[in-house]
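Chains D and W, in that order, give the protein sequences. Here my numbering is used: the first residue of the first sequence is 5, the next is one more, and so on. Here my numbering is used: the first residue of the second sequence is 41, the next is one more, and so on. Just so it is clear, CB atoms sit at the ideal spot from N, CA and C, and this is done for glycine as well. For reference, the structure is listed below as structure tokens.
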Amino acid sequence: MTRSVRRNHRVRRTARAGGAGAAALLALSACSSSSDTGTDSDSAGASSSSSAKVSGQVTVFAAASLKESFTTLGETFEKQHPGTEVTFSFAGSDTLAASITGGAPADVFASASPKTMATVTDAGAAAGTPVTFVRNRLEIATLPGNPDRISSLKDLTGSGLKVVLCDKTVPCGAAARKALEASGLELTPVSYEQDVKAALTKVELKEADAAVVYKTDVKAAGDKVTGVDFPESAEAVNDYPITVLENAPNPGAAKAFIELVKSAEGQRVLTGAGFRTP
Amino acid sequence: MTESAGTTPTPPGTDLAAAAPRRPRHRGRMVPVPLLVPALIGLAFLLLPLLALVIRAPWSGLPQQLTSPEVWQALRLSLLCATSATVLSLLVGVPLAWLLARTDFPGRGVVRALVTLPLVLPPVVGGVALLLAFGRNGVVGQWLDAWFGITLPFTTTGVVLAETFVAMPFLVISVEGTLRAADPRYEEAATTLGASRFTAFRRVTLPLIAPGIAAGAVLAWARALGEFGATITFAGNFPGRTQTMPLAVYLALQNDPAAAIALSLVLLAVSIAVLAGLRDRWMNAS
């Protein structure tokens, strides 16, 4: 008790010192601006061995479903190009698209649907035309061992089952909706989650009985969920486009990263995670 | 997540209502520049983003946005849940604050620190913690499900619980501060005159700290109204059942920023109206 009170006093005293806030702000901005110049100068000497002169920090905004495979590819990239540092931001493609059009400093955008990519290209934020690098299909994630014996999309509409879907603003939600519409099914979930990983988590925590997510997510979750294939998923195959961004701070490295993703090695990692080649 | 309301150790509104009317006025005295300049910078920093929201608001499309039933559904749910969470916080939070301020038991400092923990915990983590405790498979939740058939995630009750978890510490801290500042001799006098400790609390302490309780309740209500992370994690997102305004704003932001701004303006207007209304009432009462 007394300790926490004393600490409060101390905090208040430091805060009172003139200009402390301004100094902190300055320090903050100095920090953020020095980080990339720092890595730039470091890498200038180090990257003599690699073929292209690629160095510095690359910021990749990628759909949540790419988390596992892109993290692996990021490590590969850093090994191939010493002196580079790949920073990822994984989130719902729509969230990422919104922050890119809002001016977020990113080099590469890999989205889970052409529609979310279109918001970026329409805003003139993409450099060049996006290319499709993988495809993904939906799958039903059930509790381990599938205790509810779910075998089709129709089984999910049964009463008593708690099903979560992605929100329709997110690619996985849009795809699920398309598959449901194609099969003429009405499904009322307990929740529309903000991205595919959030939907999957609800099943992993056993709060929901099933979720409609990507095949790759089921695979990444290991034995925490059981995947159930359903034929309607063919109606809603998601193309994943990737592009360098117009305001990329490091366009050279961005191009090199996309090359790696499209290369045989990149495709091997991605198909290993459950993606299909385009 | 953009939520960071929970980091201040002592909420600023603690004795707002109690102190404001009694403050002596220093008219005509110069405000020292080293105080004035940072104060104005602070004020501008807080108000500018709100102003930008108003400036960039899609005013022409606003009537159409505001007449959509989804908006009212989300707003009604938000107000209902925030108010329920505040009532719940009052019912258990005021006694908890009294316990912390007026009794002496071993480990009180630790308990007090634990009570304030949700203030620093990222709300999303709070939501996961709630799932692990009250989820269908949670430590307590599995028994609730097995014995009573009650499951809390994905329900409106779940939203109220998530908001209470995040908002109650504000109330407890606020009320505890007021209790510590209140003179305990009034209660002691009441007990020496034969009142039980509970009667003394009810008839003497409670009226004495009423302004502090009100300030804490408003703080908790405002925090509950804006709550996002714990709610979406614990209660999910379903229109009409668990989709409160902040969730609707977040999801609208993804594909329709104009709608998100309109929704935010509604939330802003409602909270300003409620907070201003309540403040006026206390000012006149005290």
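Query: Continuous alpha helix (DSSP H) assignments of at least 4 residues falling wholly in the segment 237-292 of chain W; Result: 237-240, 246-266, 269-274
Query: The segment 251-264 of chain D touching the segment 105-120 of chain D, judged by at least three CB pairs closer than 8 Å; Result: yes
Query: Spatial neighbours of Arg7/D in its chain, beta-carbon cut-off 7 Å, leaving aside the 5 residues before and after; Result: Low per-residue confidence applies at Arg7/D: pLDDT is 42, beneath 50, and the placement is therefore not dependable, though the value from the model is reported in the following sentence. For Arg7/D, where only same-chain residues beyond five positions count, there are no Cβ hits under 7 Å.
Query: Any non-hydrogen atom of the ligand SAM within 6 Å of Phe113/D CB; Result: The ligand SAM is not part of the structure shown, which contains no ligands of any sort.
Query: Cβ-Cβ distance between Ser129/W and Ala260/W below 7 Å; Result: yes
Query: Alpha helix (DSSP H) segments (min. 4 residues) lying fully within the segment 163-196 of chain D; Result: 175-186
Query: Residue burial classification, Ser100/W (beta-carbon count within 10 angstroms, cutoff 16); Result: exposed
Query: Segment contact flag, the segment 75-87 of chain D with the segment 260-268 of chain D, C-beta cutoff 8 Å, min 3 pairs; Result: yes
Query: Where Gly128/D falls: helix, strand or coil (DSSP); Result: coil
Query: Cβ-Cβ separation, Glu208/D to Ala225/D (assumed contact under 8 Å), whole Å; Result: 6 Å
Query: Pair within 7 Å by beta-carbon distance, Gly96/D and Ser59/D; Result: no
Query: Exposure label - Ala313/W; buried when at least 16 CB within 10 Å; Result: exposed
Query: Short CB-CB distance (under 7 Å) between Phe205/W and chain D; Result: no
Query: Min CB distance Tyr244/D to chain W below 7 Å; Result: no
Query: Nonlocal neighbours in the same chain, by C-beta distance under 8 Å from Arg243/W, ignoring five residues either side; Result: Ala230, Ala235
Query: is_contact[Pro209/W, chain D] using C-beta, thresh 7 Å; Result: no
Query: Own chain, CB closer than 8 Å to Leu184/W, minus 5 neighbours either side, in chain order; Result: Phe174, Ile190, Thr191, Leu192
Query: Beta-carbon proximity check, Arg220/D vs Phe137/D, cutoff 7 Å; Result: The sequence shown places Thr at residue 220/D, rather than the Arg named in the question. Result no, Cβ atoms of Thr220/D and Phe137/D do not sit closer than 7 Å.
Query: Segment limits, beta strand (DSSP E) that includes Ser93/D; Result: 88-95
Query: Ser105/D vs Ala129/D beta-carbon contact at 7 Å; Result: The sequence given here places Thr at residue 105/D; Ser does not occur at that position. Closer than 7 Å, so yes.
Query: Beta carbon proximity, Ala102/D to chain W, threshold 7 Å; Result: yes
Query: Assigned secondary structure, Thr63/D (DSSP; H/G/I helix, E/B strand, else coil); Result: strand
Query: Residues in the segment 281-295 of chain W having any Cβ partner in chain D nearer than 9 Å; Result: Arg281, Thr282, Gln283, Leu287, Tyr290, Leu291, Ala292, Leu293, Gln294, Asn295
Query: Contact with chain W by Thr146/D, beta-carbon distance below 7 Å; Result: no
Query: Local conformation of Ala114/W per DSSP, three classes; Result: helix
Query: CB-CB length for Val167/D against Pro193/D, believed under 8 Å; Result: 5 Å
Query: Expected contact under 8 Å - CB spacing of Ala68/D and Val200/D to nearest Å; Result: 5 Å
Query: Under 7 Å between C-beta atoms of Val206/W and Pro163/W; Result: yes
Query: Buried or exposed (CB count within 10 angstroms, at least 16 for buried), Pro51/W; Result: The predicted model places Pro51/W with a pLDDT of 45, which falls under 50 and marks its position as unreliable; any figure quoted below should be read in that light. The residue is buried, with at least 16 neighbouring Cβ atoms inside 10 Å.
Query: Paired residues, beta bridge with Gly256/D - DSSP; Result: Bridge partners of Gly256/D: none, in fact.
Query: Tyr290/W versus Arg139/D - alpha carbon distance; Result: 27 Å
Query: Distance, Leu136/W Cα to Leu211/W Cα; Result: 10 Å
Query: Through-space distance from Leu248/W to Leu293/W, alpha-carbon basis; Result: 45 Å
Query: Cα-Cα separation between Ala116/D and Cys176/D, rounded to whole angstroms; Result: 8 Å
Query: Extent of the continuous alpha helix (DSSP H) run through Asp221/D; Result: 219-224
Query: Three-pair Cβ contact test at 8 Å for the segment 116-132 of chain W versus the segment 197-206 of chain W; Result: yes
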